[in-house]
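**Q** Sharing a structure here in structure tokens format.
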Amino acid sequence: MRLGITHQSDGQSYSSVCQAVTIPEDATSATLSFWYYPLSQDALRYDWQRAITYDHAWVVLDWAMPQVCSDSQTWAHHTLDLTPYKGQTIIVYFNVYNDGIGNRKTAMYLDDVLIQVCR
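Residues 2 to 120 (my numbering) are what the sequence shown spells out, left to right.
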């Protein structure tokens, strides 16, 4: 999945995708895992890429990936332990923000996003 702007003209935008999931109460472990490929021509102060977990009321639980503005153009793997949230419905949220100034674009690709639960 691509979030953000790659080829079009830069414009102010939020590109987001999210999914609500319930972590089973009887889970012995639960892990969020994903790969991301960041691209950016800007700085963190202006554009960003991030991954956050929220509770059902959109209160931040944890950062699955810290807010960055990376142009590494390499695949990076991230994991987050979701076991502390067993019995809860959480929201996994990925977001890219472009400020639309200076035609400096920011994006990220996501792949193999999964939550593995063991009981």
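Glycine is no exception: its CB is placed at the ideal position from the N, C-alpha and C atoms.
1. With DSSP as the reference, identify every bridge partner of C19, one or two as the case may be.
2. Where do the ends of the beta strand (DSSP E) carrying R51 lie?
3. How do the region 107–117 and the region 18–36 stand: do at least 3 beta-carbon pairs fall below 8 Å, yes or no?
4. Using CA atoms only, rank isn't needed, just tell me which of S41, P67, S71, F95 is closest to G103.
5. According to DSSP, which residues form a beta bridge with D82?
6. Please classify R3: does DSSP put it in a helix, a strand, or coil?
7. Out of T29, T75, G88, Y94, point me to the one whose CA is closest to V60's CA.
8. Measuring CA to CA, which of T107, G88, Y110, N99 is closest to I24?
9. Do Q50 and S71 have their C-beta atoms within less than 8 Å of each other?
10. Confirm, please, whether the CB-CB distance from Q13 to G101 is below 8 Å.
11. DSSP has L62 in a bridge; who is on the other side?
**A** Quick look at the numbers:
1. Y94
2. 49–55
3. Result yes; three or more Cβ-Cβ pairs closer than 8 Å.
4. Scanning S41, P67, S71, F95 for the CA closest to the CA of G103 turns up S41.
5. T32
6. strand
7. Closest by alpha carbon: Y94.
8. That would be G88, whose Cα lies nearest to the Cα of I24.
9. yes
10. Result yes, Cβ atoms of G101 and Q13 sit closer than 8 Å.
11. Per DSSP, none; premise fails for L62.
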